[in-house]
Structures are given as C-alpha cells and as structure tokens.
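Engineer:
Residue numbers (the working numbering): 1 to 84.
Structure follows, in structure tokens:
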C-alpha cells in the first residue's frame with residue numbers, strides 16, 4: 001500500500017475467504033513487520049475468535065527481542081478479551 005508515492009508500511013498478505021473484496025470468515029493475515037493474525041474476519045477486520053502474534057526484533061543482529069501473543073476475542077481489529 002502506497003500513500004503519496006511512498007510505502008505506507010501497512011501492506012499485508014491475506015489467505016482466506018473474501019466477500020466483496022474484503023477478508024471475511026476464517027483467514028490468516030501476515031503484516032510487513034512479521035506480525036501474524038489467525039482467526040475470524042468481518043468486513044476486512046479481525047473480528048471474533050483469533051490469535052495475534054507480534055515480534056520486536058533487533059535490526060542489528062536480527063534476533064527476536066520480545067514476542068507478544070494475544071489469544072481470544074477481537075472486535076473490529078481490536079483485542080477484546082481472553083477466551084476462558
């Protein structure tokens with residue numbers, strides 16, 4: 001995705017179902033920064049049961065500094081709660 005001729009950093013690869021050109025149902029979204037979401041989508045956003053994993057890396061030696069995992073319910077792209 002480009003904005004004003006520059007890479008916005010918001011590009012991603014989506015694997016799953018589409019409805020009207022938007023991710024819908026179960027799928028997998030991998031962002032440019034390596035973050036991955038696996039779960040349900042609605043209107044192109046993370047919505048329903050799912051899991052998001054983000055990693056911070058040291059660019060100098062390319063090692064993982066921190067990994068954050070959110071597993072549970074998502075509501076329109078925002079992490080809502082943990083499944084009990």
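Even glycine gets a Cβ: it sits at the ideal position worked out from N, Cα and C.
These figures come from a predicted structure and were not determined experimentally.
What is the DSSP secondary structure of residue 43, counted as helix, strand or coil?
Structural biologist: Locating residue 43 in the chain shown gives position 43, where the first residue counts as 1. DSSP places residue 43 in coil when its eight states are reduced to three.
Engineer: In whole angstroms, what separates the C-alpha of residue 69 from that of residue 37?
Structural biologist: In the chain shown, residue 69 corresponds to position 69, counting from 1. In the chain shown, residue 37 corresponds to position 37, counting from 1. Distance between the alpha carbons of residue 69 and residue 37: 10 angstroms.
Engineer: Please name the residue or residues paired with residue 4 in a DSSP beta bridge.
Structural biologist: Sequence index remark: in the chain shown, residue 4 carries index 4 (1-based). DSSP lists no partner for residue 4.
Engineer: DSSP on residue 11, reduced to helix/strand/coil?
Structural biologist: As a first step, residue 11 is located in the chain shown; it is residue number 11 there, counting from the start. In the structure shown, residue 11 sits in coil (DSSP, three-state: anything other than H, G, I, E or B).
Engineer: Please name the residue, chosen from 67, 73, 72, 46, that lies closest to residue 22 on a Cα-to-Cα basis.
Structural biologist: Taking the first residue of the chain shown as 1, we reach residue 22 at position 22. Out of 67, 73, 72, 46, 46 has the C-alpha closest to the C-alpha of residue 22.
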